[in-house]
Amino acid sequence: MKDAGRITGEALALGGELVKPGVTTAYIDAQIRKYIEKCGATPSFLGYGGFPASACISVNDQVIHGIPSEKVILCEGDIVKIDVGAYYKGFHGDSANTFRCGKVSDIADKLIEATKDSFMKALEQVESGKRIGDVGSAVERRVLEDGFSVVREFIGHGVGKELHESPEVPNYGTPGRGPRLVPGMVIAIEPMVCVGKGDVFVKKDGWTVVTADGSLSAHYEHTVALTDNGAVLLTAID
Ligand code: MG
Ligand code: MG
Numbered sequence: 028m029k030d031a032g033r034i035t036g037e038a039l040a041l042g043g044e045l046v047k048p049g050v051t052t053a054y055i056d057a058q059i060r061k062y063i064e065k066c067g068a069t070p071s072f073l074g075y076g077g078f079p080a081s082a083c084i085s086v087n088d089q090v091i092h093g094i095p096s097e098k099v100i101l102c103e104g105d106i107v108k109i110d111v112g113a114y115y116k117g118f119h120g121d122s123a124n125t126f127r128c129g130k131v132s133d134i135a136d137k138l139i140e141a142t143k144d145s146f147m148k149a150l151e152q153v154e155s156g157k158r159i160g161d162v163g164s165a166v167e168r169r170v171l172e173d174g175f176s177v178v179r180e181f182i183g184h185g186v187g188k189e190l191h192e193s194p195e196v197p198n199y200g201t202p203g204r205g206p207r208l209v210p211g212m213v214i215a216i217e218p219m220v221c222v223g224k225g226d227v228f229v230k231k232d233g234w235t236v237v238t239a240d241g242s243l244s245a246h247y248e249h250t251v252a253l254t255d256n257g258a259v260l261l262t263a264i265d
């Protein structure tokens, strides 16, 4: 799974480097696909449930599952969530990040930092004997510190031979509750955080998830393996 994770992380980083004013999300998607295929891997999202692209690219109030398009031209100040999966030798990687297009507002900056930090707080909970509720509550606690909110309708998940496996990994929870973490488990921890309320809906395209109040949203995700020696970020690259 390290190989699938590395390819995923590299493809995501490549996508992030392309985030600039004037670039279309379709262009970024095409480059991500090209990179994944060059590595001998397959984009996990392409065709998944009928999804028409290799990456989900979601801008500003779009939370997740944005469809790359020639019509979406990035502007200065946009915050751009790219979510990538790569399937390699029987296993998937899954990772997402929120990228700044030029200079963004102070609140956008704060949101992006809080989202990443909430992931880091969750990661501290990934050890043998802890439970999924410890992970989710760590995310939400950190997010609430800044007055932001988590999305409850969409959640993290196990990753492996399938892109989405059990257990469910919500961005909320009760400490000490839920499935127990044991070495050998691999989960995607993926805080989705909104400046306003965490209520979301799916647009008419059947995919794009947006905040109901139109507020900005950020996303951060890694595929995390729990080993006998602790947590390992499979999708992190140096
Ligand atoms: Mg993802
Ligand atoms: Mg995921």
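Plus 27 on top of the position in the sequence shown (first one is 1) and you've got the working numbering.
Cβ coordinates follow ideal geometry from the N, Cα and C atoms, glycine included.
heavy atom of ligand 2 below 7 Å from Ala245 C-beta
Counting from one through the sequence shown, the residue named residue 245 turns up at place 218. Answer for Ala245: no, Cβ out of range of ligand 2.
Along the chain, where does the alpha helix (DSSP H) containing Leu190 start, and where does it finish?
On the sequence shown, position 163 is the one that residue 190 refers to. That residue, Leu190, is in no alpha helix (DSSP H); it is neither H nor E in DSSP.
Is the Cβ-Cβ distance between Arg169 and Ala141 less than 8 Å?
For the purposes of this step, residue 169 is identified with residue 142 of the sequence shown, where counting begins at 1. For the purposes of this step, residue 141 is identified with residue 114 of the sequence shown, where counting begins at 1. Going by C-beta atoms, Arg169 is nearer than 8 Å to Ala141.
Tell me the rounded alpha-carbon separation between Tyr247 and Pro79.
For the purposes of this step, residue 247 is taken as the residue at position 220 of the sequence shown. For the purposes of this step, residue 79 is taken as the residue at position 52 of the sequence shown. Each residue's alpha carbon lies about 22 Å from the other.
At the level of alpha carbons, what is the spacing between Met212 and Gly77?
Here residue 212 refers to the residue found at position 185 when the sequence shown is read from its first residue. Here residue 77 refers to the residue found at position 50 when the sequence shown is read from its first residue. Cα-Cα distance, rounded: 28 Å.
I need the straight-line Cα distance from Leu39 to Val111, nearest angstrom please.
One-based indexing of the sequence shown puts residue 39 at position 12. One-based indexing of the sequence shown puts residue 111 at position 84. Going by the C-alpha atoms only, they are around 6 Å apart.
Pro194 versus Ser155: straight-line alpha-carbon distance, rounded
Residue numbering aside, residue 194 sits at position 167 when the sequence shown is read from its first letter. Residue numbering aside, residue 155 sits at position 128 when the sequence shown is read from its first letter. Straight-line Cα distance between these residues: approximately 15 Å.
For a test of the three-state rule: what should DSSP assign to Ser71, helix, strand or coil?
Stepping through the sequence shown from its first residue, residue 71 is reached at position 44. Three-state DSSP puts Ser71 in coil, outside helix and strand.
Would you mind giving the Cβ-Cβ distance between Ile55 and Gly74, rounded to the nearest angstrom? I have them listed as a contact below 8 Å.
By one-based count along the sequence shown, residue 55 stands at place 28. By one-based count along the sequence shown, residue 74 stands at place 47. No, Ile55 and Gly74 are not in contact; Cβ-Cβ is about 19 Å, not under 8 Å.
What residue from Arg60, Lys47 and Thr69 has the CA that sits closest to Ala31's CA?
The count along the sequence shown starts at 1 and reaches residue 31 at position 4. Among Arg60, Lys47 and Thr69, the Cα nearest to that of Ala31 is on Thr69.
8 Å Cβ cutoff met for Glu103 and Pro48:
Taking the first residue of the sequence shown as 1, we reach residue 103 at position 76. Taking the first residue of the sequence shown as 1, we reach residue 48 at position 21. Yes, they are a contact pair.
By DSSP, does Phe146 sit in helix, in strand, or in coil?
For the purposes of this step, residue 146 is taken as the residue at position 119 of the sequence shown. Helix, per DSSP.
Answer yes or no: do Cys221 and Ser176 have a C-beta to C-beta separation smaller than 8 Å?
Taking the first residue of the sequence shown as position 1, residue 221 is located at position 194. Taking the first residue of the sequence shown as position 1, residue 176 is located at position 149. The Cβ atoms of Cys221 and Ser176 lie closer than 8 Å to each other.
Is any heavy atom of ligand 2 found at a distance shorter than 7 Å from the C-beta of Glu192?
Taking the sequence shown and counting its residues from 1, one reaches residue 192 at position 165. Not so, every heavy atom of ligand 2 lies at least 7 Å from the Cβ.
Give a yes or no on contact between the segment 223-235 and the segment 121-141, applying the rule of three or more CB pairs nearer than 8 Å.
no
With distances taken between CB atoms, is the gap from Pro206 to Asp161 smaller than 8 Å?
Taking the first residue of the sequence shown as position 1, residue 206 is located at position 179. Taking the first residue of the sequence shown as position 1, residue 161 is located at position 134. The answer is no: Cβ separation not under 8 Å.
Just to confirm, is the Cβ distance from Gly200 to Glu192 under 8 Å?
Taking the sequence shown and counting its residues from 1, the one referred to as residue 200 is at position 173. Taking the sequence shown and counting its residues from 1, the one referred to as residue 192 is at position 165. Result no, Cβ atoms of Gly200 and Glu192 do not sit closer than 8 Å.
According to DSSP, is Ala80 helix, strand or coil?
In the sequence shown, counting from the first residue as 1, residue 80 sits at position 53. In the structure shown, Ala80 sits in coil (DSSP, three-state: anything other than H, G, I, E or B).
Is the beta carbon of Gly187 less than 8 Å from the beta carbon of Phe118?
Residue mapping note: residue 187 aligns to position 160 of the sequence shown, counting from 1. Residue mapping note: residue 118 aligns to position 91 of the sequence shown, counting from 1. Yes, they are a contact pair.
According to DSSP, is Glu97 part of a helix, a strand, or is it coil?
To locate residue 97, count along the sequence shown from 1; it is residue 70. Of the three classes helix, strand and coil, the one that applies to Glu97 here is coil, per DSSP.
If Val251 sits next to Val153, beta carbons under 8 Å apart, how far is it from one beta carbon to the other, in whole angstroms?
Here residue 251 is taken as the residue at index 224 of the sequence shown, counted from 1. Here residue 153 is taken as the residue at index 126 of the sequence shown, counted from 1. That belief holds up - the Cβ atoms of Val251 and Val153 are roughly 6 Å apart, short of 8 Å.
Looking at Asp88 and ligand 1, is the gap between the Cβ and the nearest heavy atom below 7 Å?
In the sequence shown, the residue the question calls residue 88 occupies position 61. No, since every heavy atom of ligand 1 falls outside the 7 Å radius drawn around the Cβ of Asp88.
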